[in-house]
Amino acid sequence: MPRRRVEQSSDEPVAGRKRGPRAGTSREAIIEGAWALAMREGFEALTMRAVASELGIGAMTPYTYFRAREELIAALLDEVLGTIPLELPEAAWAVRLEALVRAHHDALLRFPSAIPHLLSTPMTGPKAAVFAEVLMQVLHDGGLVAEDVVGGFFALAGMNYGFASFESRRMNAPPEGAAQTRATLLTLPPEQFPLTIEVATQLANFARTGADYDFALSSMIAGLSARATSN
Numbered sequence: 012m013p014r015r016r017v018e019q020s021s022d023e024p025v026a027g028r029k030r031g032p033r034a035g036t037s038r039e040a041i042i043e044g045a046w047a048l049a050m051r052e053g054f055e056a057l058t059m060r061a062v063a064s065e066l067g068i069g070a071m072t073p074y075t076y077f078r079a080r081e082e083l084i085a086a087l088l089d090e091v092l093g094t095i096p097l098e099l100p101e102a103a104w105a106v107r108l109e110a111l112v113r114a115h116h117d118a119l120l121r122f123p124s125a126i127p128h129l130l131s132t133p134m135t136g137p138k139a140a141v142f143a144e145v146l147m148q149v150l151h152d153g154g155l156v157a158e159d160v161v162g163g164f165f166a167l168a169g170m171n172y173g174f175a176s177f178e179s180r181r182m183n184a185p186p187e188g189a190a191q192t193r194a195t196l197l198t199l200p201p202e203q204f205p206l207t208i209e210v211a212t213q214l215a216n217f218a219r220t221g222a223d224y225d226f227a228l229s230s231m232i233a234g235l236s237a238r239a240t241s242n
């Protein structure tokens, strides 16, 4: 897990309930078993057989509720997005936008193994829809027109997916990795790569703290604000 600690949302229904065979066999129980397995071993460990073993049920029982592994993963990803707190401060739209985008980013840092699946799975579940509606409404409140609302939504989501993927690896990486990267960059021919060598330290340490994300988010919001003002 990343070094930056974030609070788990209080509206996370799956994570806090009793799991295991005594939970009964139901769609909800299958999701709870999958959640427990994913939190312990990562989303890459999710197979129908592994979830059945987690719950102590027959290997084919999950197929009663989910036609395939992908359908179960989609349901679980919707639960991940459901952990995002949607209560926004009574403030200017840019402040509200920052709070919501940071909440999405924090959720991704809590569940980094879910990110590849979030990128490859259409997010059409009810909790994903609620999050998307709230984010697009905030963008609309800022004065963005329809096309820009959609563009802003995907730009912000894409930035979060990319940053969280990068940060989840780098924040937990040993410090000698940055030193090695810097040393390698410094071996480049200076006449061909003068700027790379000049900023080698910054490149090697990028995304190892939250400062780089802060810069990216503030730049994105400033650009969207300027776009809204020009409409």
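12 is the number of the first residue of the sequence shown in our numbering; add one for each residue after it.
Think of the CB as a built atom: it goes at the ideal place given N, C-alpha and C, for glycine as much as any other residue.
Item	Value
Whole-angstrom distance between LEU111 and LEU97, CA atom to CA atom	7 Å
For HIS128 and PHE77, believed in contact at Cβ under 8 Å, the rounded distance	Not confirmed; about 14 Å, so no contact.
Given ASN216 as reference, the closest of ALA237, PRO186, THR135 and THR198 once Cα atoms are compared	PRO186
Selected residue, minimal CA-CA separation from SER236, among GLY163, ILE208, PHE177 and GLU52	GLY163
Contact under 8 Å by Cβ, VAL62 with LEU92	no
Counted within 10 angstroms of its Cβ, other Cβ atoms place PRO123 as buried (16 or more) or exposed	buried
Contacts around VAL17, its chain only, beta-carbon distance under 7 Å, and the 5 residues preceding and following it disregarded	For VAL17, the predicted structure reports a pLDDT of 35, less than 50, and the residue's modelled location is therefore unreliable. A value from the coordinates is still provided. For VAL17, where only same-chain residues beyond five positions count, the Cβ hits under 7 Å are ASP117, LEU120 and ARG121.
6 Å Cβ shell around GLY136 - same chain, five flanking residues per side excluded	ASP89
Any alpha helix (DSSP H) of 4 or more consecutive residues that is wholly inside the stretch 116 to 160	126 to 131 and 137 to 152
Residue closest to GLU248, alpha-carbon to alpha-carbon, out of ARG107, ILE126, VAL156 and ALA102	Only positions 12 to 242 of the chain appear in the structure, and residue 248 is not among them; the question remains open.
Outcome for PRO73 when other beta-carbon atoms lying within 10 angstroms are tallied against a minimum of 16	buried
Under the three-state DSSP convention, the category GLY44 falls into	helix
Buried or exposed by the 16-neighbour rule on C-beta atoms within 10 Å, applied to GLU144	exposed
Through-space distance from TRP46 to ALA70, alpha-carbon basis	17 Å
Within 8 Å, strictly: CB atoms of MET274 and VAL156	Only positions 12 to 242 of the chain appear in this structure, which leaves residue 274 out of reach.
Under 8 Å between C-beta atoms of ARG80 and MET50	no
Complete runs of the alpha helix (DSSP H) confined to the stretch 34 to 104 [at least 4 residues]	38 to 52, 59 to 66 and 80 to 92
Limits of the alpha helix (DSSP H) - the one that PRO205 falls within	205 to 209
Expected contact under 8 Å - CB spacing of GLY154 and ALA105 to nearest Å	The Cβ separation is near 11 Å, so there is no contact.
Closest Cα partner of ALA222 within the set MET182, ALA166 and VAL210	MET182
Proximity below 8 Å, CB of ALA189 to CB of ARG219	yes
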